[in-house]
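Note sheet for the following structure.
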Amino acid sequence: MIRALENAELWWEPGTKIGYHAYTFGYLAGEIVRRSTGRPFAEVLRERIAAPLGFPDELFFGMPEDKRGSLVTLVDAPSEVDWSTMQLLEDLPMFRAAPMSLFPNADLGNDPGVVGADIPAGGKTSARAIAKMYAALLAGQRPSAHQPRRARAGSNPSGRRQRRGVRQPGALDSGVCAGRTFG
Numbered sequence: 001m002i003r004a005l006e007n008a009e010l011w012w013e014p015g016t017k018i019g020y021h022a023y024t025f026g027y028l029a030g031e032i033v034r035r036s037t038g039r040p041f042a043e044v045l046r047e048r049i050a051a052p053l054g055f056p057d058e059l060f061f062g063m064p065e066d067k068r069g070s071l072v073t074l075v076d077a078p079s080e081v082d083w084s085t086m087q088l089l090e091d092l093p094m095f096r097a098a099p100m101s102l103f104p105n106a107d108l109g110n111d112p113g114v115v116g117a118d119i120p121a122g123g124k125t126s127a128r129a130i131a132k133m134y135a136a137l138l139a140g141q142r143p144s145a146h147q148p149r150r151a152r153a154g155s156n157p158s159g160r161r162q163r164r165g166v167r168q169p170g171a172l173d174s175g176v177c178a179g180r181t182f183g
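Here you go:
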């Protein structure tokens, strides 16, 4: 996937528009982690975020088979609209990427290969783990000694705290897209 993204032709001039699907962004973010650490994203997530915060077996991108026992099954939301035949704006990135009939659905999300794939998008987590993670982020807690000071939520590269909730240029935030729950 990374090679495909590296070789992709630009759809517009850089800086004029933005359009990433969660999976595309996940592959890009995961590749940054992999190249900077030399390790798979799932391993880094477990060691540097989930374990230090106390839930090493409750937050996954690439869920091991032995942890899937209580994973909920995805079900597509009911809709009166047949999206596969809908005429939508063709210049929207998500509609240029693939026809609607190929968009992710519950069957894809339930596929054991997808559940086990180390794709940093569509995470699998317990409600307890996601609550602990966001509570730590809101409190400015650093989940790991390996995390640089400037990458804390709510700080900027200079290390000074931000005032009145205004983001400073270049400020880094942390976050995770949790797509599935279990537990």
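Start counting the sequence shown at 1; every next residue gets the next number (the numbering used here).
Note that CB positions come from ideal geometry on N, CA and C, so glycine has one too.
As the structure is a computational prediction, the values presented were derived from the model and not from experiment.
May I ask which residues mark the beginning and end of the beta strand (DSSP E) holding residue i?
| i | result |
| --- | --- |
| lysine 124 | 123-126 |
Assuming residue i is part of the alpha helix (DSSP H), what are its boundary residues?
| i | result |
| --- | --- |
| asparagine 7 | 2-7 |
| leucine 108 | 106-110 |
| alanine 42 | 41-45 |
| aspartate 68 | A small fix is needed here, since residue 68 is arginine in this sequence, not aspartate. No alpha helix (DSSP H) contains arginine 68, which DSSP labels as neither H nor E. |
Figure out for me which residue from the options has the closest Cα to the Cα of residue i.
| i | options | result |
| --- | --- | --- |
| threonine 73 | Asp111, Thr37 and Arg48 | Asp111 |
| leucine 28 | Ala131, Asp118 and Arg142 | Asp118 |
| alanine 4 | Leu53, Gly122 and Glu31 | Glu31 |
| leucine 71 | Lys124, Leu53, His21 and Asp57 | Lys124 |
| isoleucine 195 | Glu80, Val33, Val81 and Val75 | Within the shown structure, residues of the chain are numbered from 1 to 183, placing residue 195 beyond reach of any answer. |
| alanine 22 | Leu59, Gly38, Ala121 and Ala131 | Ala121 |
| valine 75 | Asn105, Leu137 and Met63 | Asn105 |
| glycine 54 | Lys132, Leu138, Leu137 and Leu108 | Lys132 |
| glycine 56 | Ser126, Leu137, Ala135 and Gly38 | Reading off the sequence, residue 56 comes out as proline, not glycine. Taking only the C-alpha atoms, the option nearest proline 56 is Ser126. |
| valine 114 | Pro64, Tyr134 and Gly140 | Pro64 |
| alanine 135 | Gly19, Ala50 and Lys17 | Ala50 |
| alanine 77 | Arg48, Asp107 and Arg128 | Asp107 |
| leucine 45 | Leu138, Ala129 and Ala139 | Ala129 |
| lysine 67 | Tyr20, Glu9, Gly116 and Val81 | Gly116 |
| leucine 137 | Pro52, Trp11 and Tyr20 | Pro52 |
Going by DSSP, what residues sit across from residue i in a beta bridge?
| i | result |
| --- | --- |
| leucine 59 | Thr125 |
According to DSSP, is residue i helix, strand or coil?
| i | result |
| --- | --- |
| arginine 35 | helix |
| lysine 132 | helix |
| methionine 81 | Just to set this straight, residue 81 is valine in the shown sequence, not methionine. Correct three-state label for valine 81: coil. |
| arginine 163 | Any reading at arginine 163 is ruled out, since the residue's pLDDT is 33, under 50, leaving its predicted position unreliable. |
| glycine 54 | coil |
| tyrosine 185 | The structure shown has nothing for residue 185, since the chain only spans 1 to 183. |
| leucine 137 | helix |
| phenylalanine 103 | coil |
| valine 115 | helix |
| leucine 28 | helix |
| arginine 48 | helix |
Give me the Cβ distance between residue i and residue j, rounded to the nearest whole Å; I'm assuming they're in contact under 8 Å.
| i | j | result |
| --- | --- | --- |
| phenylalanine 61 | phenylalanine 41 | 6 Å |
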